[in-house]
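Here the structure comes first, spelled out in structure tokens, and everything after it is commentary.
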């Protein structure tokens, strides 16, 4: 079984210690969370509502054109040839 230790020189050891960096915790101001939620409430949510309403209108128009029931659709297909 090979040994799990490795012999390193002093210069290699110093290099490895130099590579180690300290991680600093970034502290954001407390109001960042509140401003992000306000942005979502005032800008993103209304855009999403417009998208949903446009999709619903398109589905409603398609249902009125072709009929929402299979019998109506069949009559429309038979009438068109």
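In full-length UniProt numbering, the protein residues as written are 1 to 81. The beta carbon of each residue, even a glycine, is placed where N, CA and C say it ideally should be. The structure presented is a predicted model; accordingly, all values stated were derived computationally and were not measured.
Would you kindly work out how many angstroms separate the C-alpha atoms of residue i and residue j, rounded to a whole number?
i	j	result
residue 37	residue 45	10 Å
residue 48	residue 24	38 Å
residue 55	residue 27	42 Å
residue 51	residue 43	13 Å
residue 60	residue 41	28 Å
residue 35	residue 9	53 Å
residue 63	residue 53	15 Å
Mapping the DSSP letters down to three states, classify residue i as helix, strand or coil.
i	result
residue 27	coil
residue 51	helix
residue 9	coil
Does chain C have any CB closer than 9 Å to the CB of residue i?
i	result
residue 56	The structure shown contains no chain C; it is built from a single protein chain.
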